[in-house]
Structures are given as C-alpha cells and as structure tokens.
Amino acid sequence: MLNQLSGGTEKDLITNTDIQSISRNVTGDVLDIQTVESGTICTVRASGYLKTALRRNQTYRLNNIVGFQPIYSVISYYPQSTGKPFMLQITTEGDINIIPQVDFNSGDSINFNETFIRSSIGGGVTQ
Numbered sequence: 012m013l014n015q016l017s018g019g020t021e022k023d024l025i026t027n028t029d030i031q032s033i034s035r036n037v038t039g040d041v042l043d044i045q046t047v048e049s050g051t052i053c054t055v056r057a058s059g060y061l062k063t064a065l066r067r068n069q070t071y072r073l074n075n076i077v078g079f080q081p082i083y084s085v086i087s088y089y090p091q092s093t094g095k096p097f098m099l100q101i102t103t104e105g106d107i108n109i110i111p112q113v114d115f116n117s118g119d120s121i122n123f124n125e126t127f128i129r130s131s132i133g134g135g136v137t138q
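In terms of this note's numbering, the sequence shown opens at residue 12 and continues consecutively.
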C-alpha cells in the first residue's frame with residue numbers, strides 16, 4: 012500500500028493489514044447514520060430517508076459521538092440535487108446536527124459524508 016525504494020529494493024512501509032477500522036450502523040429517530048473510525052480519523056455518513064418531517068432553520072440532533080469528538084467544530088453546507096439544501100454541524104461535544112434550509116417531508120432523501128480528526132482515541136455512538 013505504502014512503500015519506498017531503498018538501494019534498489021522495494022520495502023513495504025504500511026500494508027492493508029496495518030490499517031484497522033471500526034464501522035457502526037446507528038439507528039436514529041430522525042435518520043440512520045454510519046460511522047467509521049481508524050486511528051484518529053472518523054467518518055460520519057448517511058444515505059437514506061428521513062423518518063420524520065423537518066422544518067426550515069430548526070436544529071435537529073441526529074446523534075452524539077461519544078469518545079471521538081472532533082478537535083474542531085464541523086459545519087458543512089449540502090446543496091443536494093433534490094433542491095433541498097441543509098447544513099450539517101458536528102460539535103466538539105460530538106453532537107451531530109442537521110439544519111434544513113427548507114422544509115423536508117418524512118421520506119425525503121438525505122445524503123452526507125463528513126470526515127474529521129477526532130480529539131481522543133476510543134469511541135462509540137449514542138442517541
């Protein structure tokens with residue numbers, strides 16, 4: 012995977028077996044999410060359908076990441092091809108929030124993928 016050439020000989024520095032990750036599927040009241048962590052890198056993603064309607068400019072807490080909160084707050088804008096944009100916020104306390112920019116109906120699709128550096132090793136997800 013990662014190698015170097017030294018004196019005409021190629022040496023492996025990192026192989027696929029050196030990289031370990033933990034994946035979780037998390038069921039939520041608003042939206043199901045998936046998390047993947049490897050070392051201090053964490054990814055939170057969703058590709059699914061809302062379980063409830065969301066109102067414009069209201070903050071909805073999807074989940075809380077326990078033990079691997081980001082070292083900085085993450086705020087991202089997702090325009091979506093459906094014409095229903097939203098903001099995704101991940102706080103340094105580990106709260107995963109969604110802030111719709113328009114009204115969403117139950118059953119509307121939501122897609123996001125955020126990767127960040129977490130502040131500590133170990134973790135888990137709670138609602």
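Beta carbons: idealized from backbone N, C-alpha and C, even for Gly.
Suppose contacts are defined by Cβ-Cβ distances below 7 Å. Is residue i in contact with residue j by that definition?
| i | j | result |
| --- | --- | --- |
| Val-47 | Thr-38 | no |
| Gln-80 | Gly-59 | no |
| Ser-49 | Ser-32 | yes |
| Thr-63 | Ile-128 | no |
| Ser-117 | Leu-73 | no |
Kindly indicate which residue of the options has the alpha-carbon position closest to the one of residue i.
| i | options | result |
| --- | --- | --- |
| Phe-115 | Asn-68, Glu-125 and Ile-86 | Asn-68 |
| Thr-102 | Thr-70, Tyr-89, Pro-111 and Ser-32 | Thr-70 |
| Met-98 | Thr-20, Leu-65 and Arg-35 | Leu-65 |
| Glu-125 | Lys-62, Asn-108 and Val-113 | Asn-108 |
| Pro-111 | Lys-95, Ser-117, Asp-119 and Gly-118 | Lys-95 |
Going along the chain, which residues of its own chain have a beta-carbon closer than 6 Å to the beta-carbon of residue i, five neighbours each way excluded?
| i | result |
| --- | --- |
| Thr-137 | Reliability of the predicted coordinates at Thr-137 is poor, the pLDDT of 47 falling under 50, and no value is obtained from them. |
| Ala-57 | Leu-42, Ile-44, Ile-121 and Phe-123 |
| Ile-132 | In this prediction, Ile-132 has a pLDDT of 47, which is less than 50 and means its spatial position is unreliable; nothing more can be read from the coordinates. |
| Ser-130 | Gln-80 and Ile-82 |
Please list, in chain order, all residues of the same chain as residue i whose beta carbon is under 8 Å from its beta carbon, the five residues on each side excluded.
| i | result |
| --- | --- |
| Ser-84 | Gln-100, Ile-101, Thr-102 and Thr-103 |
In terms of residues, what are the limits of the beta strand (DSSP E) holding residue i?
| i | result |
| --- | --- |
| Ser-87 | 85 to 89 |
| Ser-49 | 44 to 49 |
| Glu-125 | 120 to 128 |
| Arg-56 | 52 to 60 |
| Leu-73 | 71 to 77 |
| Asp-182 | As displayed, the chain neither begins before 12 nor continues past 138, which places residue 182 out of reach and without an answer. |
| Ser-34 | 33 to 37 |
Counting only the same chain and skipping the five closest in sequence on each side, list residues whose C-beta sits under 7 Å from that of residue i.
| i | result |
| --- | --- |
| Ile-86 | Met-98 and Gln-100 |
| Tyr-88 | Pro-96 and Met-98 |
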